[in-house]
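A short worksheet on the structure shown next.
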Amino acid sequence: MTGEADAVEEAFRGEWAGVVATLARRIGDLDVAEEATQDAFLAAAQRWPRDGVPANPGAWLTLTARRRAIDLLRARAAAGRTADAWGTLRRQEAADVAAADRLEAEDADDGAVADDRLRLVFACCHPSLALEARVGLTLRLVAGLTVPEIAHAFLVPEATMAQRLVRAKAKIRAAAIPIAVPPRAALAERTDGVLAVVYLVFNEGYAASGDGAPVREDLCAEAVRLGDLLAALLPQEPEVLGLLALMLLHEARRAARTGRDGRPVTLSEQDRALWDPDGIERGLATLDRALALRRPGPFQIQAAIAALHAEAPSVAGTDWAQIAALYGELGRRAPSPVVEVNRAVAVGMADGPAAGLSVLEGVLVSGRLDGYAPLHAAHADLLERAGEPAAARAAWARAAELTANAPQREGLLRRAGGG
Amino acid sequence: MRYMILIYGDPGAEAPPERPADAFAEWADATRALQDAGALVAGEGLAPVDTATTLRFRGGETLMTDGPFMETKEHLLGFYMVEVPTLDDALAWGARMPNMHWGSVEVRPVFDGDGSAQLVQ
């Protein structure tokens with residue numbers, strides 16, 4: 001029994017996006033594609049434990065979903081469910097019947113699944129959809145997470161998330177957002193949009209580490225899976241590879257970042273033996289592939305910084321000067337006070353706390369990150385090492401004030417208490 | 001599928017020096033390009049907003065007020081109706097409108113509604 005359950009799980013992971021995407025391309029309807037695929041997977045969960053896993057699970061699922069889609073389209077046409085005041089009723093019925101006929105007549109489909117999945121990704125991440133809608137839609141239609149899972153992962157009520165997805169799919173349909181790969185000229189910009197969605201998912205999972213909610217932490221794994229898919233579909237896009245490398249390098253070091261009590265462990269305290277060498281290896285190899293394309297970008301730079309950390313035997317043995325230079329490069333491409341803070345930390349390690357404080361001065365004076373805990377924590381650390389304990393304690397306290405995560409706040413308060 | 005490209009702006013606003021590289025310089029250029037591409041269904045500029053009259057029927061009477069339906073900083077200045085296959089095509093035209101760098105362009109589908117428009121591939 002377990003064997004089949006695992007096989008269903010694995011097929012689910014691997015085949016979901018392709019089945020949804022191919023159906024979506026053939027019938028132009030994300031709702032029906034989603035529902036038909038969901039039903040096909042349910043059927044698999046019931047039949048495979050009984051009949052055994054088919055030789056070609058993907059083909060089985062695709063065929064089952066296609067049959068289900070035909071049924072759904074015909075039923076919808078018959079029920080005349082798509083009523084609205086502007087008299088589009090008959091046109092929708094006709095479209096459904098036509099789609100069902102086409103699906104039934106076309107026997108073999110030679111379309112490349114890879115292309116279909118890419119079309120689906122670009123549709124889900126279309127810039128005319130709100131960012132939170134893009135994230136939800138991508139997780140539902142590409143990653144195959146259930147609506148409750150997505151809702152819990154982002155700490156919103158299920159009904160809210162369900163509505164968000166309904167409206168997004170409706171907009172794709174009503175505004176004719178194309179389920180297509182953008183033309184060459186728009187590809188870079190639109191790919192950036194997709195990467196932003198994936199990165200947001202990863203960050204949400206990353207921020208959740210240690211708050212005891214497995215579904216939220218699994219977002220990192222989900223983001224890596226999406227990154228893997230994108231890297232397979234767009235292997236010549238260096239920023240796609242850069243983001244994947246960055247996520248792999250972060251994930252590989254995750255085990256060391258949280259203590260048994262949920263307390264976050266700082267870099268200098270981390271047990272590097274807990275870092276995953278295979279994960280680091282994969283991350284470094286992916287970064288190499290990106291850099292070989294000779295088109296640097298922000299994700300590649302961030303991955304390069306993560307690589308320097310991952311390759312270092314210790315905090316002292318880390319190439320902080322190079323990290324500082326990379327943050328400088330990152331700041332030139334995408335200026336941000338947060339990047340300046342990170343650069344200040346690196347400079348502080350490479351050239352001493354006074355140098356670090358000098359870099360941090362600009363950010364502190366601007367006041368832009370007044371509510372940003374890591375700024376005050378970085379400030380505190382530099383002040384402490386520069387021999388200003390009282391100012392340091394005040395900065396630790398400020399950082400603690402701004403930190404919601406309980407174990408993290410406790411750690412900061414401890415340092416504020418002169419510990 | 002048909003889309004409205006709605007041109008909004010504050011005519012008194014100072015135009016920033018930077019405009020999109022491929023923006024049309026003049027409305028005549030935009031109109032001609034849309035015509036040449038076979039995408040133009042209709043397009044007009046509107047008279048200034050102080051020539052507008054707003055009508056409502058409330059509490060049993062017809063109310064007529066001087067001015068646009070809502071006092072906003074940016075007003076509706078004109079429109080195009082275009083016929084193109086997908087939203088991306090409409091957005092591409094919208095992004096080239098001459099008011100892009102000092103106003104706003106809203107792109108919204110006309111209610112064709114049969115939902116099969118994305119069967120492009």
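Residue numbers (the working numbering), protein chains in the order written: chain B, 1 to 419; chain F, 1 to 121.
Even glycine gets a Cβ: it sits at the ideal position worked out from N, Cα and C.
The structure displayed is predicted, hence computed values, not measured ones.
Original post:
Helix or strand or just coil, what does DSSP make of P264(B)?
Top reply: Working through the first sequence from its first residue, we reach residue 264(B) at position 264. P264(B): strand per DSSP, three-state reduction.
**OP:** Could you say which of P277(B), P337(B) and E329(B) lies nearest to P296(B) if we only look at CA atoms?
**Re:** Taking the first sequence and counting its residues from 1, one reaches residue 296(B) at position 296. Residue E329(B) is the option with its Cα nearest to P296(B).
**OP:** Please name the residues in the segment 8-33 of chain F whose beta-carbon is closer than 7 Å to at least one beta-carbon of chain B, in chain order.
**Re:** none
Subject >> Bridge-paired residues (DSSP) for P178(B) >> reply: Mapped onto the first sequence, residue 178(B) falls at position 178. DSSP output for P178(B) lists no bridge partner at all.
Subject >> Burial state of T22(B), where buried means 16 or more other Cβ atoms lie within 10 Å >> reply: Here residue 22(B) refers to the residue found at position 22 of the first sequence. Counting Cβ neighbours within 10 Å, T22(B) comes out buried, since at least 16 surround it.
Subject >> Per-residue contacts from M1(F) into chain B (C-beta, under 8 Å) >> reply: For the purposes of this step, residue 1(F) is identified with residue 1 of the second sequence, where counting begins at 1. Going along chain B in sequence order, the residues near M1(F) (Cβ under 8 Å) are A176.
Original post:
Closest to H250(B) by CA distance: which of A130(B), E237(B) and A221(B) is it?
Top reply: Stepping through the first sequence from its first residue, residue 250(B) is reached at position 250. Among A130(B), E237(B) and A221(B), the Cα nearest to that of H250(B) is on A221(B).
**OP:** Using a Cβ-Cβ cut-off of less than 9 Å, list which residues of the segment 335-368 of chain B approach chain F; keep chain order.
**Re:** none
**OP:** Just tell me which of Y372(B), L72(B), A99(B) and A24(B) has its CA closest to the CA of A400(B).
**Re:** Here residue 400(B) is taken as the residue at index 400 of the first sequence, counted from 1. Closest by alpha carbon: Y372(B).
Original post:
Residues in the segment 253-277 of chain B with C-beta within 9 Å of chain F's C-beta atoms, listed in sequence order?
Top reply: none
Original post:
Of all the options D29(B), S336(B), R67(B) and I27(B), which has the alpha carbon lying nearest to the alpha carbon of F41(B)?
Top reply: On the first sequence, residue 41(B) is found 41 positions in, with the first residue counted as 1. With distances taken between Cα atoms, F41(B) lies closest to R67(B).
Original post:
Starting from M4(F) and walking both ways along the beta strand (DSSP E), at which residues does that stretch end?
Top reply: Here residue 4(F) refers to the residue found at position 4 when the second sequence is read from its first residue. That run of the beta strand (DSSP E) goes R2 to G9.
Original post:
In the DSSP assignment, what are the bridge partners of G331(B)?
Top reply: Reading the first sequence from its first residue, position 331 is the one you call residue 331(B). In the DSSP output, where bridge partners are listed per residue, G331(B) has none listed.
Subject >> Straight-line Cα distance separating L308(B) from R282(B) >> reply: In the first sequence, counting from the first residue as 1, residue 282(B) sits at position 282. In the first sequence, counting from the first residue as 1, residue 308(B) sits at position 308. Whole-angstrom Cα-Cα distance: 14 Å.
Original post:
DSSP three-state call for L129(B): helix, strand or coil?
Top reply: By 1-based counting over the first sequence, the position of residue 129(B) is 129. Three-state result, L129(B): coil.
Original post:
In its own chain, which residues sit with a C-beta less than 6 Å from the C-beta of R76(B), not counting the 5 before and 5 after it?
Top reply: Numbered from its first residue, the first sequence carries residue 76(B) at position 76. Hits under 6 Å: D96.
**OP:** Work out the CA separation of N342(B) and V365(B) for me, nearest whole Å.
**Re:** Against the first sequence, residue 365(B) aligns to sequence position 365. Against the first sequence, residue 342(B) aligns to sequence position 342. For V365(B) and N342(B), the distance between alpha carbons rounds to 16 Å.
Original post:
L6(F) touches chain B at which residues, Cβ-Cβ below 8 Å?
Top reply: The residue labelled residue 6(F) in the question sits at position 6 within the second sequence. The contacting residues do not exist; L6(F) stays about 14 Å from chain B at best.
Original post:
Which stretch, first to last residue, makes up the beta strand (DSSP E) that contains D66(F)?
Top reply: What you label residue 66(F) is simply residue 66 of the second sequence in a count that begins at 1. Looking at the DSSP string, the run of the beta strand (DSSP E) that includes D66(F) is E61 to D66.
Subject >> Min CB distance D50(F) to chain B below 8 Å >> reply: Taking the second sequence and counting its residues from 1, the one referred to as residue 50(F) is at position 50. Not an interface residue.
Subject >> Interface flag, L87(F) vs chain B, CB-CB below 8 Å >> reply: Counted from its first residue, the second sequence places residue 87(F) at position 87. Closer than 8 Å: yes.
Original post:
Which residues, in chain order, does the segment 118-144 of chain B contribute to contact with chain F at a C-beta distance below 9 Å?
Top reply: R119, A123, H126, P127 and S128
Original post:
Looking at F122(B) and A180(B), is the spacing between their C-beta atoms short of 8 Å?
Top reply: Counting from 1 along the first sequence, the entry for residue 180(B) is found at position 180. Counting from 1 along the first sequence, the entry for residue 122(B) is found at position 122. Yes, Cβ-Cβ distance for A180(B) and F122(B) is below 8 Å.
Original post:
Excluding the five sequence neighbours on either side, which residues of its own chain have a C-beta within less than 6 Å of the C-beta of T64(B), listed in chain order?
Top reply: What you label residue 64(B) is simply residue 64 of the first sequence in a count that begins at 1. Closer than 6 Å at the Cβ level, and outside the excluded window around T64(B), lie A40 and A43.
**OP:** Please work out which residues of its chain come closer than 8 Å, Cβ to Cβ, to A234(B), disregarding the five sequence neighbours upstream and downstream, and give them in chain order.
**Re:** To locate residue 234(B), count along the first sequence from 1; it is residue 234. The displayed chain sequence assigns Leu, not Ala, to residue 234(B). Taken in chain order, the residues that qualify are L118, T191 and V240.
Original post:
Hey, would you say L246(B) sits closer than 8 Å to A306(B), going by beta carbons?
Top reply: Your numbering for residue 246(B) matches position 246 in the first sequence. Your numbering for residue 306(B) matches position 306 in the first sequence. Yes, the pair counts as a contact, with Cβ atoms nearer than the cut-off.
**OP:** Can you pull the chain B residues whose beta carbon is under 7 Å from the beta carbon of P109(F), in chain order?
**Re:** Residue mapping note: residue 109(F) aligns to position 109 of the second sequence, counting from 1. Within chain B, the residues near P109(F) are A174, A175 and A176.
**OP:** Report yes if the C-beta distance between V135(B) and L200(B) is below 8 Å; otherwise report no.
**Re:** To locate residue 135(B), count along the first sequence from 1; it is residue 135. To locate residue 200(B), count along the first sequence from 1; it is residue 200. Yes, they are a contact pair.
Subject >> Residue range of the unbroken beta strand (DSSP E) whose run includes H75(F) >> reply: Numbered from its first residue, the second sequence carries residue 75(F) at position 75. It spans H75 to E83 - the beta strand (DSSP E) in which H75(F) sits, taken as one unbroken run.
Subject >> 8 Å Cβ cut-off: residues of chain F touching P54(B) >> reply: Here residue 54(B) refers to the residue found at position 54 of the first sequence. What P54(B) touches in chain F: nothing, since even the nearest Cβ is about 28 Å away.
Original post:
Using a C-beta cutoff of 8 Å, does P214(B) count as contacting chain F?
Top reply: Residue 214(B) sits at position 214 when you count from the first residue of the first sequence. No, its Cβ sits nowhere closer than 8 Å to a Cβ of chain F.
Original post:
Does any C-beta atom of chain F lie closer than 8 Å to the C-beta of W86(B)?
Top reply: Position 86 of the first sequence holds residue 86(B). Note that W86(B) scores 46 on pLDDT, short of 50, meaning its location in the model is unreliable and no value can be drawn from it.
Subject >> Nearest-angstrom Cα separation, counted from I172(B) out to P178(B) >> reply: Position 178 of the first sequence, counting from 1, holds the residue named residue 178(B). Position 172 of the first sequence, counting from 1, holds the residue named residue 172(B). Each residue's Cα considered, the two are about 8 Å apart.
Subject >> D22(F) to R96(F) span [Cα, whole Å] >> reply: Stepping through the second sequence from its first residue, residue 22(F) is reached at position 22. Stepping through the second sequence from its first residue, residue 96(F) is reached at position 96. Those two C-alpha atoms are separated by around 6 Å.
**OP:** Return helix, strand or coil for G12(F), following the three-state DSSP convention.
**Re:** As a working note, residue 12(F) is residue 12 in the second sequence. Three-state DSSP puts G12(F) in coil, outside helix and strand.
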